[in-house]
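K.L.:
Encoded as structure tokens, here's the structure I'll be asking about.
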Amino acid sequence: MTEAVRTLIILGADGDLTSRLLLPALGQLLTEEDTRRVTLVGAGMHDWDAKHWRSVVETSFKTVDAEGPAVDALLDGTDFVAGDVTDPDHLRELLSRSDGTPALYFALPPAVTKEVCAGLAELDLPAGLRLALEKPFGTDKRSAAALNRRLTKLVPEDQVHRIDHFLGNSTVQNLFGLRFSNRIFEPLWSAEHIASVDIVYDEVLGLEGRAGYYDHAGALVDMLQSHLLQVLAVTAMEPPSTMSAADIRDAKGIVIRATHVLDDDAIANSHRGRYTKGKIDGRELRSYVDENGVDPDRRTETLAQVTFGIDTWRWAGVPFTLRSGKAIGRGRHEIVITFRDAQRVPKGLRGAAHPTRLRIRLGPDVMQLELNTNGPGDPHYLSRASLEADFGPGSLLAYGEVLADLFDGNPSLSVRGDTAEECWRIVAPVLKAWGDDEVPLEDYPAGSDGPTDWPAIP
30 MTEAVRTLII LGADGDLTSR LLLPALGQLL TEEDTRRVTL VGAGMHDWDA
80 KHWRSVVETS FKTVDAEGPA VDALLDGTDF VAGDVTDPDH LRELLSRSDG
130 TPALYFALPP AVTKEVCAGL AELDLPAGLR LALEKPFGTD KRSAAALNRR
180 LTKLVPEDQV HRIDHFLGNS TVQNLFGLRF SNRIFEPLWS AEHIASVDIV
230 YDEVLGLEGR AGYYDHAGAL VDMLQSHLLQ VLAVTAMEPP STMSAADIRD
280 AKGIVIRATH VLDDDAIANS HRGRYTKGKI DGRELRSYVD ENGVDPDRRT
330 ETLAQVTFGI DTWRWAGVPF TLRSGKAIGR GRHEIVITFR DAQRVPKGLR
380 GAAHPTRLRI RLGPDVMQLE LNTNGPGDPH YLSRASLEAD FGPGSLLAYG
430 EVLADLFDGN PSLSVRGDTA EECWRIVAPV LKAWGDDEVP LEDYPAGSDG
480 PTDWPAIP
């Protein structure tokens with residue numbers, strides 16, 4: 030049995046990711062599982078002492094009302110070590126503070142992560158060490174492959190957790206139960222019955238001070254290349270034999286290897302946009318190009334929409350459209366399964382027979398099935414009905430699920446190395462077409478639904 034992690038070392042602990050996402054999730058996890066014991070060591074460039082670091086941890090824990098014996102034990106023993114996390118001597122000191130099996134969490138930019146890996150290569154690493162890395166995993170397929178070679182020289186692949194917190198989302202995980210434990214859905218889950226699949230993650234938020242990262246990444250790399258392709262894989266994967274990490278990752282990998290831009294035509298099947306000034310919920314947003322830290326010459330997109338195909342027997346001919354954008358007037362986080370039209374509607378039934386649609390919303394966690402029905406009133410007139418089921422919130426935040434799997438040595442929902450490389454292969458034609466300016470960068474006002482001439486998503 031894999032030994033549980035007893036020490037979490039966060040590299041880049043003085044950054045926004047740690048205080049805003051990692052620490053609240055850790056506090057919540059320890060509150061829910063109050064017998065778990067974790068020693069927390071923070072590392073970063075700021076000259077913080079243990080007292081200041083403890084106050085940062087406590088403040089983050091308060092946002093989720095974290096409490097209990099496991100939380101108290103962590104707070105009593107947590108420490109911060111200032112220094113250069115790329116320095117082998119500094120890394121050796123950090124690892125020497127481990128109590129039992131350690132995990133290194135890279136809350137760092139990719140370039141720094143690469144240097145840390147070079148430093149770790151000079152050390153004798155503790156047995157069972159786990160490495161957790163935030164996306165993006167490289168900047169293209171070649172760099173992702175190079176990073177993977179570095180990582181697997183340090184530890185075995187199943188000890189590398191390439192974090193995608195979207196896969197910790199309770200609704201994404203609910204797809205397993207919905208598809209594989211209900212006979213009503215799985216026999217229909219194919220090109221024979223499904224016309225299209227849309228995966229949408231539109232946000233009302235604008236840049237929110239993230240220019241340092243976002244202006245180099247854009248919506249395509251930030252969301253589609255990583256998160257939404259992973260959701261596509263879970264939506265389209267074959268039923269696994271078991272829920273083991275090996276079977277789930279194999280099933281996802283098969284889908285990703287078969288995925289490509291629809292008709293291999295990135296110009297016809299991709300769209301990009303950038304928001305201009307506008308208003309959302311009474312709040313004025315300035316144009317993206319006027320945000321602090323943005324270089325307009327980069328022509329970074331804030332809205333991306335790409336349609337893909339999956340060359341498998343199950344999905345041949347079904348378009349999968351992925352879309353994500355910022356400063357959209359209506360937040361929309363959902364998977365939309367549109368079924369094919371009924372083979373025949375009997376004469377005498379009046380009104381339009383719309384396609385049946387299954388909507389799986391990613392927060393709030395709701396499933397909605399839209400159907401054609403008779404009435405009310407005239408029993409021969411078709412109307413629309415909606416059946417809803419509330420999945421309910423998960424017991425943990427998405428990052429809490431991620432940390433629990435990291436601690437327990439379960440890489441089921443982390444991204445395997447070959448899959449990370451394939452995701453770059455999938456979007457490479459789009460990146461090239463956009464880099465060559467073969468696809469127009471269209472403006473849309475903040476607070477709108479995006480450019481009006483794009484293919485509609487139901």
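Be aware that the sequence shown starts at 30, since it is given in the working numbering, and climbs by one per residue. Just so it is clear, CB atoms sit at the ideal spot from N, CA and C, and this is done for glycine as well. Bear in mind the structure is a predicted one, so any value in this text is a computation, not a measurement.
(1) Checking the sheet assignment: what are the DSSP bridge partners for Phe337?
(2) Would you decide whether Thr336 is buried or exposed? Buried here means 16 or more other CB atoms lie within 10 Å of its CB.
(3) In angstroms with no decimal places, state the Cα-to-Cα distance between Thr130 and Ala449.
(4) Could you pull out every residue in the same chain whose Cβ sits closer than 7 Å to the Cβ of Ala173, ignoring the five residues on either side in sequence?
(5) Report the rounded CA-to-CA distance for Glu215 versus Phe209, giving the unit in angstroms.
(6) Return the CA-CA distance between Leu435 and His383, expressed in angstroms with no decimal places.
(7) Give the straight-line distance between the Cα atoms of Arg179 and Met272, rounded to the nearest whole angstrom.
(8) Using CA atoms only, rank isn't needed, just tell me which of Phe368, Gly56, Ala54, Asp394 is closest to Asp419.
(9) Suppose you measure from the CA of Ala462 to the CA of Ala79; what does that come to, to the nearest Å?
(10) Rounded to the nearest angstrom, how far is the Cβ of Arg488 from that of Leu470, given a contact under 8 Å?
(11) Count the other CB atoms within 10 Å of the CB of Pro2; is the residue buried (16 or more) or exposed (fewer)?
(12) Check the DSSP bridge columns for Lys308 and list the partner residues they point to.
(13) Rounding to the nearest angstrom, what Cα-Cα distance links Gly41 and Glu186 in this structure?
(14) Is Val468 buried or exposed, if buried means 16 or more other CB atoms sit within 10 Å of its CB?
(15) Between His119 and the ligand ATP, is there a pair consisting of the residue's CB and a ligand heavy atom that are separated by less than 6 Å?
(16) Measure how close the beta-carbons of Leu391 and Leu196 come, nearest whole angstrom, since I'm counting them as under 8 Å.
(17) Helix, strand or coil: which one does DSSP assign to Ala42?
(18) Span of the alpha helix (DSSP H) holding Ser84?
(19) Leaving out the 5 sequence neighbours to the left and right, which residues in its chain are closer than 6 Å to Leu351 when beta-carbon positions are compared?
(20) Relative to the alpha-carbon of Gln45, which residue among Val67, Thr68, Gly73, Gly56 has its alpha-carbon at the smallest distance?
(21) Take Gly404 and list the residues in its own chain whose beta-carbon comes closer than 8 Å to its own, dropping the five residues that flank it on each side.
(22) Are Leu133 and Leu160 close, meaning C-beta to C-beta below 7 Å?
(23) Nearest chain D C-beta to Gly241 closer than 7 Å, yes or no?
(24) Can you grab the Cα-Cα spacing for the pair Ser477 / Arg312, in whole Å?
(25) With a threshold of 16 other CB atoms inside 10 Å of the CB of Thr264, please say whether the residue is buried or exposed.
(26) With respect to the alpha helix (DSSP H) encompassing Ser477, which residues constitute its N-terminal and C-terminal limits?
(27) Going by beta carbon distance, what residues of the same chain come within less than 6 Å of His119, once the five residues before and after it are set aside?
(28) How should Gly354 be labelled, buried or exposed, when 16 other C-beta atoms within 10 angstroms of its C-beta is the threshold for buried?
(29) For Thr329, is the classification buried or exposed, using 16 other Cβ atoms within 10 angstroms of its Cβ as the cut-off for buried?
(30) Starting from Phe436, trace the alpha helix (DSSP H) both ways and give me its first and last residue.
(31) Given that a residue counts as buried once 16 or more other Cβ atoms are within 10 Å of its Cβ, and exposed if not, what is Tyr473?
(32) Between Ile357 and Ala150, what straight-line distance do the alpha-carbon atoms span, to the nearest angstrom?
(33) Excluding the five sequence neighbours on either side, which residues of its own chain have a C-beta within less than 7 Å of the C-beta of Ile296, listed in chain order?
(34) Based on the DSSP secondary-structure assignment, which residues constitute the bridge partners of Met396?
P.N.:
Reading it off the structure:
(1) Answer by DSSP bridge pairing, in chain order: Val290, Phe349.
(2) Thr336 is buried by the Cβ-count criterion.
(3) Roughly 26 Å between the two C-alpha positions.
(4) Phe166, Gly167, Ala449, Glu450, Trp453
(5) 6 Å
(6) 45 Å
(7) 29 Å
(8) Checked all of Phe368, Gly56, Ala54, Asp394; the closest Cα to Asp419 is Asp394.
(9) 50 Å
(10) What the structure shows of the chain is the stretch from 30 to 487, and residue 488 is not part of that stretch, so it cannot be assessed.
(11) Nothing about residue 2 can be reported from this structure: the residues present for the chain run from 30 to 487 only.
(12) Glu313
(13) Their Cα atoms are separated by approximately 23 Å.
(14) buried
(15) With respect to the ligand ATP, the structure offers nothing, as it holds no ligand at all.
(16) About 11 Å separates the two Cβ atoms, so there is no contact after all.
(17) coil
(18) Ser84 -> alpha helix (DSSP H) spans 79 to 91.
(19) Ile228, Leu253, Leu257, Val335
(20) Gln is not the amino acid found at residue 45; the sequence shown has Asp there. The residue with the shortest Cα to Cα distance from Asp45 is Gly73.
(21) Tyr410, Ser412
(22) yes
(23) The structure shown contains no chain D, having only a single protein chain.
(24) 13 Å
(25) buried
(26) Unbroken run through Ser477: none, as it is neither H nor E.
(27) Gly112, Asp113
(28) buried
(29) buried
(30) 427 to 437
(31) buried
(32) 44 Å
(33) Ala462, Glu467, Val468
(34) Bridge partners of Met396: Ile389, Ala418.
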